[in-house]
Every structure is written in structure tokens, then in C-alpha cells.
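Residue numbers (the working numbering): 3 to 230.
Note sheet for the following structure.
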Ligand SMILES: NC(=O)c1ccc[n+]([C@@H]2O[C@H](COP(=O)([O-])OP(=O)(O)OC[C@H]3O[C@@H](n4cnc5c(N)ncnc54)[C@H](OP(=O)(O)O)[C@@H]3O)[C@@H](O)[C@H]2O)c1
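Listed below in C-alpha cells is the structure:
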């Protein structure tokens with residue numbers, strides 16, 4: 003049974019990834035801020051291959067505690083999904099620097115911390131996949147001219163993953179960045195054209211089909227290349 007770790011697993015796209023991979027028979031470790039509350043705790047009561055675990059991606063001690071529970075077990079798939087996005091439509095220069103710092107902590111340093119901690123587990127799985135949920139707003143070419151904080155955090159995580167792809171391929175780890183599509187979640191808002199379940203299903207299909215030749219790519223939810 004493939005062991006799959008998903009961050010930000012208690013809401014939005016993360017919760018949809020949990021449902022999809024549990025249904026596909028993976029053993030899902032659902033990393034979240036509040037593992038004993040809400041829909042993730044409820045689902046885990048009836049689905050035996052889901053384990054909600056505390057995982058704050060901004061905290062070294064939280065990641066260490068998570069790793070203590072996982073020990074040396076192989077991980078076939080890690081999805082860095084946790085994300086925050088503060089001020090979408092405000093005057094761009096109104097950005098609050100403390101919010102920007104937290105955005106970088108969650109969206110950029112979070113995937114670094116979690117991935118670095120889990121490198122050995124991914125390597126032990128043989129052929130494994132490290133997927134980071136990025137955004138079209140992380141594309142420098144497609145910059146919307148707003149949300150400086152969010153856009154820079156996603157462009158930076160793309161750069162990080164692109165670098166890691168060069169170094170981790172020798173461990174059999176395929177690194178992929180995916181724009182999931184505009185999604186109806188608390189982040190994406192009510193006007194988004196697709197539900198979390200719909201876009202997560204599309205992303206899962208992309209993930210299922212990748213091989214090592216896709217290492218280091220940044221793609222949309224149909225597997226098409228995104229501009230950097
Ligand atoms: N929605 C879109 O249209 C869209 C478009 C492009 C990219 N994305 C990306 O897709 C990913 C998922 O977004 P979403 O729309 O599903 O957002 P969401 O509904 O707001 O969910 C974000 C998740 O991240 C968790 N999280 C926040 N801070 C965390 C931390 N420090 N440690 C661990 N988990 C943390 C949240 O936990 P709590 O609920 O407990 O706060 C929540 O589970 C994000 O990376 C986002 O940037 C989304």
C-alpha cells in the first residue's frame with residue numbers, strides 16, 4: 003500500500019486529495035493544523051486508511067513530531083498542499099509585511115521544511131513522487147500585477163523545487179509543481195468555476211501519469227506545461 007503524505011489536509015483541495023487517495027487504496031497521512039476537529043476527524047472515523055496527524059508546516063518542532071510518528075517508513079507520494087493567501091484584490095502596495103512573511107513561511111519555507119525532513123522516506127520508497135501545489139500566480143510570465151506576497155511565495159517555491167529536482171532525481175524522486183486550477187475553496191472563493199473535488203481529481207490524474215521524465219516540470223491540472 004503506497005504511503006501518501008498530504009499537508010493542509012483538513013480543508014479545500016487538501017481534503018479532496020485525502021479522499022481521492024484513500025479511495026485509491028493509499029495509506030494517507032493527513033497532515034493538518036487541527037487533526038482532531040471537523041471533517042478530517044469525522045472522515046477518519048469511518049475510513050481506516052486515513053490517519054489525521056498534527057503538522058504545522060511553519061514549525062520545526064511540529065514537523066519533528068510528525069516524523070517521529072512516521073519513523074523510517076517509505077513514502078511513495080508527498081503533496082505539499084498547505085497554503086495561505088491574504089489579500090487578493092487590495093491595492094498591491096497595501097501589502098502587510100507580517101502577512102507576507104507568514105505567506106512565505108507557509109507557501110515557500112513550509113514545502114522546504116517538510117520535503118527536506120522526508121527526503122529519506124521518499125528515497126526508501128524506490129520510485130516516489132514529490133508534488134508541490136503551486137499556482138498560475140507563481141508564474142512570473144503570468145503575474146497578475148497584484149498579490150505580491152502570494153505570487154512571490156509561489157514563484158519562490160517553484161524555484162526551490164526546480165533546484166531540488168536536479169539533486170533528488172538520483173534518489174528516484176520525481177519532483178513536480180502543479181497549478182490546480184481556480185478552485186471553489188475558502189482561498190479560491192465562491193466565483194471559482196470548479197469544486198475542490200473536481201480539480202483534485204484532475205490533479206490526481208496528472209500525478210498518476212507522471213514518470214521520471216517529468217522531473218522538474220511545472221504543469222496545469224491537465225498536465226500541460228505552465229510558463230515560468
Ligand atoms: N483555490 C484556488 O483557486 C487555488 C489556485 C491555485 C493554487 N492553489 C493552491 O492550492 C493549495 C490549496 O489551496 P485551497 O484553495 O485548498 O486553500 P484552503 O481551502 O484555504 O486550504 C488551505 C489549507 O492549508 C492549511 N494550512 C494553512 N496554514 C498551514 C500551516 N501552517 N501548516 C499546515 N497547514 C496549513 C489550512 O489549514 P486550516 O484550514 O486549519 O487553516 C487548509 O487546510 C494552496 O497551496 C494554494 O495556494 C489554490
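Glycine included, each C-beta is placed from N, C-alpha and C at the ideal position.
Notebook entry, point to check: What's the gap between the Cα of residue 131 and the Cα of residue 177?
Noted result: 6 Å
Note to self: Could you check whether the Cβ of residue 41 sits closer than 8 Å to any heavy atom belonging to ligand 1?
What the structure shows: no
Next item on the list: Using the Cα positions of residue 170 and residue 55, report the straight-line distance between them to the nearest angstrom.
Entry: 26 Å
Margin query: Am I right that residue 59 and residue 9 are in contact with their C-beta atoms under 8 Å? What's the rounded C-beta distance?
Written below: 5 Å
Item checked: Range covered by the beta strand (DSSP E) that runs through residue 82 -> 79 to 82
Checklist line | Alpha carbon of residue 203 to alpha carbon of residue 70, nearest angstrom | finding: 31 Å
Item checked: Contact between the segment 70 to 90 and the segment 141 to 155 (3+ Cβ pairs under 8 Å) -> yes
Check: Helix, strand or coil for residue 178 per DSSP?
Finding: strand
Check: In angstroms, rounded to a whole number, what distance separates the CA positions of residue 206 and residue 42?
Finding: 19 Å
Check: Quick one: what's got a C-beta closer than 8 Å to residue 162's C-beta in the same chain, skipping five residues either side?
Finding: 110, 113, 114
Checklist line | As assigned by DSSP and simplified to three states, the class of residue 89 | finding: coil
Next item on the list: Name the residue from 216, 192, 182 whose alpha carbon lies nearest to the alpha carbon of residue 200.
Entry: 182
Notebook entry, point to check: DSSP on residue 56, reduced to helix/strand/coil?
Noted result: strand
Check: Of all the alpha helix (DSSP H) runs that stay within the bounds of the segment 134 to 181, which reach a length of 4 or more residues?
Finding: 150 to 170
Check: What are the uninterrupted segments assigned as beta strand (DSSP E) that are 3 or more residues long and contained completely in the segment 14 to 75, given in chain order?
Finding: 29 to 34, 52 to 56
Next item on the list: Taking only the alpha-carbon atoms, compute the straight-line gap between residue 187 and residue 40 and give it to the nearest angstrom.
Entry: 16 Å
Notebook entry, point to check: Start and end of the beta strand (DSSP E) containing residue 7?
Noted result: 5 to 9
Checklist line | Three-state secondary structure assigned by DSSP to residue 213 | finding: coil
Checklist line | Helix, strand or coil at residue 227 according to DSSP, with G and I counted as helix | finding: strand
Notebook entry, point to check: Expressed to the nearest angstrom, what Euclidean distance is found between the alpha-carbon atoms of residue 228 and residue 180?
Noted result: 9 Å
Next item on the list: Could you spell out the range, first to last residue, of the beta strand (DSSP E) harbouring residue 98?
Entry: Looking at the DSSP string, residue 98 is not in any beta strand (DSSP E), and its letter there is neither H nor E.
Note to self: Using only CA atoms, which one of 100, 145, 77, 104 lies nearest to residue 127?
What the structure shows: 77
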